[in-house]
Amino acid sequence: MGEAKRINTGTHFMMGNQACVEGVIAAGCGFAAGYPITPASEVFNSLCKQLPKAGGTLLQTEDEIAAVCAAIGASWTGLKSMTVTSGPGISLMQENIGLAVGTETPLVIVDVQRLGPSTGVPAVGMAGDIVQVARGSHGDYQIIAICPESPQEMFDMTVHAFNLAEEYRVPVFVMAEGFVGHMRERVVIPEESEIKLVNRRITQGGEPQTRCDFLDPEVAPMPIFGRGLKTHVTSSCHDEHGNRNLSDPDVMHRYIMKPIEKILNKRDRIVEVEADYEGAKLVLVSYGCVSRSSRQAAEMARAAGLKVGTLRLKTAWPFPDKEVRAAAESADFVLVLENNVGQMYPYIKAESAHACKVDFLGPQVLGQIHDPQYILAKIREILK
Amino acid sequence: MSEITHPLRKYMRPEVKKTTFCPGCGAGIITQALLRAIDELGINIDDCVFVSGIGCSAWIPSPLINADMLHTTHGRPIAYASGVKLGLPNKHVIVVSGDGDLSAIGGNHLIHAARRNINLTVILVNNGIYGMTGGQTAPTTPFGLTTITSPYGNAEHEFDISKLVTAAGASYVARWTTYHPRQMTKSIKKGIEKKGFAMIEAIAQCPVQYGRVSKQGSAVNMLKNYKQNGIRIEKAAKMDAAELKGKIVEGEFADFDKPELLAASAAALQARTGGNK
């Protein structure tokens with residue numbers, strides 16, 4: 006018997022939350038912090054067993070606020086860092102997610118979403134946080150959020166999230182719904198050599214006052230702690246060197262805009278969609294687990310001779326505005342399917358309404374996944 | 013002509029030419045005690061990471077000290093520092109923040125870090141009031157004191173932070189006022205060297221806010237009060253509540269050894285897996 010493999014290469018029948026754990030290990034994560042919460046607990050539970058064996062460190066914190074703070078602190082020591090939670094935890098983390106954005110800290114947050122508001126229904130997996138992860142912390146900022154629809158993507162997108170976080174020095178959210186986290190399906194984990202990993206660029210010396218540690222739209226190398234770099238990191242408004250500055254309007258402007266531009270200038274490299282709407286009169290736009298129902302409904306509609314296509318937003322943020330616009334401009338009708346009451350609908354409508362009719366279809370009963378027959382009935386009603 | 017520089021200036025960022033503190037503030041004494049402790053221990057400042065929160069005291073290390081510095085959100089520096097320490101177990105991770113930051117909004121992190129006995133050194137600067145925001149009642153403001161948010165007298169009772177953190181399980185806890193900087197320095201040194209959670213509660217004068225509402229007035233009067241009413245913990249143990257009224261109990265509240273978080277985690281993993289990864 007050879008040495009135990011670092012990653013779990015092979016074909017598995019696996020829960021989405023466990024596939025996420027395998028992705029965390031495969032990505033080379035060095036630190037995870039968490040607090041128990043349904044329906045995300047399986048991720049941290051398994052990490053507690055697996056991550057130390059992979060050389061990583063964990064901390065079960067006193068609350069989700071401490072979890073995100075500890076993960077940010079660990080990221081500044083050079084470790085790929087993450088936390089995992091659900092809606093109530095995201096709500097608690099919001100202020101410090103803002104710190105991660107403002108200090109340009111690579112961080113992965115896995116959000117296994119549930120039904121809200123408030124305590125809501127922990128085990129029912131609605132897409133309750135899809136807008137709050139982009140807009141829930143105060144001030145103006147830009148994060149990245151991606152939406153897995155299957156256990157396989159819980160693995161793939163978790164690895165991808167670490168790569169994006171490292172490349173752009175930004176918090177990246179894996180927006181699983183509880184349904185995806187608890188779904189069991191075939192998951193293929195490739196050989197380690199086939200998994201592409203990105204590592205952050207690290208500052209190699211120099212003085213803080215002559216270095217550019219922050220506010221570089223091309224992403225500054227990270228002056229991580231413990232190397233004598235004398236880095237000054239503050240969540241207050243700061244300049245390129247990390248000097249707090251609360252008086253110069255030009256610095257304030259750069260402090261807000263440069264980290265936004267850092268992401269938006271590269272949005273074509275970041276944003277991913279699955280487009281299958283050539284010749285369609287009606288395009289179903291969706292993200293997360295609803296996309297599975299959407300595809301099946303489109304297939305059923307096409308079999309019945311109806312011209313129906315699909316657009317799946319694999320990336321939620323930065324918002325795929327151009328991709329939605331292109332779909333709307335090619336069709337007569339956009340039907341937005343979301344596993345909530347229409348959180349992304351205003352954003353999608355804003356990019357579609359100039360070109361075609363737009364409507365929204367939530368689940369038949371909130372808390373249920375859209376039945377393809379239910380979507381098909383709506384399609385027939387629109388196209389009759 | 014040679015320029016005279018303060019012996020601790022070498023630990024300060026060269027570009028920082030001024031402090032943000034009001035005249036008479038206790039933060040200067042505490043800054044000296046901290047830097048003197050590091051100097052006397054012979055620690056390379058590059059082997060330290062400083063973490064602070066929000067409030068006047070959080071500005072003691074930021075941007076002053078010429079080392080890695082993480083200036084965080086209100087109440088959360090201990091949570092951030094825990095992640096830093098777990099990522100850099102061989103560095104000295106030192107938190108400097110105020111009583112509002114660490115015992116009000118951040119109180120949960122304070123007691124849980126003490127409970128898990130993570131190897132941090134926390135300098136908790138206690139001036140008994142919210143200074144930066146204009147003199148509001150803090151969890152450390154004495155019962156009955158009139159402040160801007162307790163205009164009819166504070167109806168709440170104050171925390172005894174050192175007792176709280178001792179009860180939560182810290183390995184080392186000490187309290188000194190700014191009238192006792194040498195003892196404070198000695199305790200900071202012990203705290204840095206302690207393998208476990210160490211907190212030094214530094215009672216500090218805020219003449220601008222606390223001095224005004226308490227009618228103690230100037231920094232000098234407040235320091236005189238510390239001199240007159242400071243009492244050693246050993247002596248206080250023999251006094252009853254009536255005798256202790258108005259006194260500031262000083263000294264070491266806790267000083268013992270027990271498994272520290274990182275060492276305990278590593279030992280547990282080793283025992284269960286034989287170090288087999």
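Residue numbers (our numbering), protein chains in the order written: chain F, 6 to 389; chain A, 13 to 289. Here a beta-carbon is modelled for each residue, glycine too, at the ideal position from N, C-alpha and C.
Close Cβ partners of residue i (< 7 Å) along its chain, the five nearest in sequence each way excluded
i                 : result
LEU234 of chain F : THR208 and PRO228
ALA184 of chain F : The displayed chain sequence assigns Phe, not Ala, to residue 184 of chain F. If we look at PHE184 of chain F and ignore the five residues flanking it on each side, its Cβ neighbours are GLY130, CYS294 and ILE374.
LEU454 of chain F : Coverage of chain F is limited to positions 6 through 389, which leaves residue 454 of chain F absent and any answer about it impossible.
VAL44 of chain A  : The residue asked about is misnamed: residue 44 of chain A is Gln in this sequence, not Val. Result list for GLN44 of chain A: LEU20 and PRO193, in chain order.
THR153 of chain A : GLY140, ILE141, THR159, ASN166 and GLU170
ARG88 of chain A  : GLY65, GLY118 and HIS121
ALA73 of chain A  : Going by the sequence as given, residue 73 of chain A is Pro instead of Ala. Closer than 7 Å at Cβ, skipping near neighbours: PHE62, SER64, MET81 and VAL108.
VAL28 of chain A  : PRO75 and LEU76
GLN195 of chain A : TRP188
Assigned exposure category for residue i - 16 Cβ within 10 Å defines buried
i                 : result
PRO41 of chain F  : exposed
PRO146 of chain F : First, the residue type needs correcting, since residue 146 of chain F is Tyr and not Pro in the sequence shown. Counting Cβ neighbours within 10 Å, TYR146 of chain F comes out buried, since at least 16 surround it.
ASN101 of chain F : buried
LEU381 of chain F : buried
ILE353 of chain F : buried
ASP113 of chain A : buried
LYS289 of chain A : For LYS289 of chain A, the predicted structure reports a pLDDT of 46, less than 50, and the residue's modelled location is therefore unreliable. A value from the coordinates is still provided. Exposed, since its Cβ has fewer than 16 Cβ neighbours within 10 Å.
GLU15 of chain A  : exposed
SER230 of chain A : exposed
LEU251 of chain F : exposed
TYR164 of chain A : exposed
GLY7 of chain F   : For GLY7 of chain F, the pLDDT reaches just 47, beneath the cut-off of 50, and the residue's location in the model is therefore unreliable, although a value from the coordinates is still provided. Exposed, because fewer than 16 other Cβ atoms sit within 10 Å of the Cβ of GLY7 of chain F.
ASP273 of chain F : exposed
MET87 of chain F  : buried
ARG206 of chain F : exposed
PHE155 of chain A : exposed
Contact set for residue i: own chain, Cβ-Cβ below 6 Å, skip 5 residues either direction
i                 : result
GLU328 of chain F : VAL278
GLU69 of chain F  : TYR40, THR90, GLY94, LEU97 and MET98
ALA105 of chain F : ILE77, LEU112 and PRO176
HIS121 of chain A : ILE90 and ALA91
PHE265 of chain A : SER174, THR178 and VAL185
ASP267 of chain A : TYR184
GLY203 of chain A : THR133, TYR184, ALA210 and ILE212
GLY67 of chain A  : GLY110, GLY112, ASP113 and MET144
THR236 of chain F : PRO228
SER283 of chain A : It is Ala, not Ser, that sits at residue 283 of chain A in the sequence shown. Cβ neighbours of ALA283 of chain A beyond the five flanking positions: none.
Beta-carbon proximity list for residue i, same chain, < 8 Å, skipping 5 on both sides
i                 : result
GLY347 of chain F : VAL341, PHE365 and GLY367
ILE268 of chain F : GLN147, ILE148, ILE149, TYR173, VAL175, ILE275 and PRO323
GLU197 of chain F : LYS10, ARG11, ILE12, THR14 and ALA31
LEU53 of chain A  : LYS201, ILE204 and GLU205
Within-8 Å CB hit, residue i to chain D
i                : result
PRO57 of chain F : In the structure shown, chain D does not exist; the protein chains are F and A.
Which residues DSSP lists as bridging residue i, in chain order
i                 : result
GLN65 of chain F  : F:GLY39
VAL126 of chain F : F:LEU120
SER162 of chain A : A:THR159
PRO176 of chain F : F:LEU112
TYR142 of chain A : A:GLN148
THR320 of chain F : F:ILE151
Any non-hydrogen atom of the ligand ATP within 7 Å of residue i CB
i                 : result
PRO176 of chain F : What this structure holds is no ligand at all, so the ligand ATP is not there to describe.
Should the stretch 54-67 of chain F be called in touch with the stretch 67-82 of chain A, which here means at least 3 C-beta pairs below 8 Å?
no
Residues within the stretch 66-84 of chain A neighbouring chain F, beta-carbon criterion of under 7 Å
SER74, PRO75, ASN78, ALA79, ASP80, MET81, LEU82, HIS83 and THR84
Cβ contact (3+ pairs, closer than 8 Å) linking the stretch 229-246 of chain A and the stretch 147-165 of chain A
no
The stretch 239-258 of chain F contacting the stretch 213-221 of chain F, beta-carbon criterion three pairs below 8 Å
yes
Counting Cβ pairs closer than 8 Å, one from the stretch 250-258 of chain A and one from the stretch 162-174 of chain A, do we hit at least three?
no
Meets three-Cβ-pair contact criterion under 8 Å: the stretch 188-205 of chain A and the stretch 35-46 of chain A
yes
Interface positions of the stretch 84-109 of chain A facing chain F (Cβ-Cβ less than 7 Å), listed along the chain
In summary, the residues of the stretch 84-109 of chain A whose CB is separated from some CB of chain F by less than 7 Å are THR84, THR85, ARG88, ALA91, TYR92, ALA93, SER94, GLY95, VAL96, LEU98, GLY99, LEU100 and LYS103, in the order they occur in the chain.
Scan the stretch 41-63 of chain A for residues whose Cβ lies nearer than 7 Å to a Cβ of chain F and list them as they occur along the chain.
ASP58 and VAL61
Give, in chain order, every residue of the stretch 64-85 of chain F whose Cβ lies closer than 9 Å to some Cβ of chain A.
LEU64, THR66, GLU67, ASP68, ILE70, ALA71, ALA72, VAL73, CYS74, ALA75, ALA76, ILE77, GLY78, ALA79, SER80, TRP81, THR82, GLY83 and LEU84
Sufficient close CB pairs (3 or more, under 8 Å) joining the stretch 194-203 of chain F to the stretch 156-171 of chain F:
Yes, the stretch 194-203 of chain F is in contact with the stretch 156-171 of chain F.
Counting Cβ pairs, one atom from each stretch, are 3 or more of them under 8 Å apart for the stretch 16-25 of chain F and the stretch 148-163 of chain F?
yes
Using Cβ-Cβ distances below 9 Å, what residues of the stretch 23-38 of chain A are close to chain F?
Answer in chain order: ARG25, PRO26 and GLU27.
Could you list the residues in the stretch 190-219 of chain F with a C-beta less than 7 Å from some C-beta on chain A, going in chain order?
GLN214
Along the stretch 233-244 of chain F, what residues have a CB closer than 8 Å to any CB found in chain A?
GLY233, LEU234, LYS235, THR236, HIS237, VAL238, THR239, SER240 and SER241
Mind listing which residues of the stretch 110-137 of chain A have their C-beta closer than 7 Å to chain F's C-betas, in chain order?
ASN120, HIS121 and HIS124
Contact list for the stretch 100-124 of chain F against chain A, Cβ threshold 9 Å
GLU100, ASN101, GLY103, LEU104 and THR108
At least 3 beta-carbon pairs within less than 8 Å: the stretch 267-282 of chain A vs the stretch 201-211 of chain A
yes
Scan the stretch 17-48 of chain F for residues whose Cβ lies nearer than 8 Å to a Cβ of chain A and list them as they occur along the chain.
GLY35, PHE36 and ALA38
Tell me, please, whether the stretch 256-271 of chain F touches the stretch 304-321 of chain F by the rule of three or more beta-carbon pairs shorter than 8 Å.
No, the stretch 256-271 of chain F does not touch the stretch 304-321 of chain F.
For the stretch 288-319 of chain F, list every residue whose C-beta sits within 9 Å of some C-beta in chain A, in sequence order.
Considering only beta carbons, no part of the stretch 288-319 of chain F lies closer than 9 Å to chain A.
Scan the stretch 262-287 of chain A for residues whose Cβ lies nearer than 7 Å to a Cβ of chain F and list them as they occur along the chain.
LEU281 and THR285
Please identify, using Cβ separations under 8 Å, the residues of the stretch 150-182 of chain F that lie next to chain A, in order along the chain.
none
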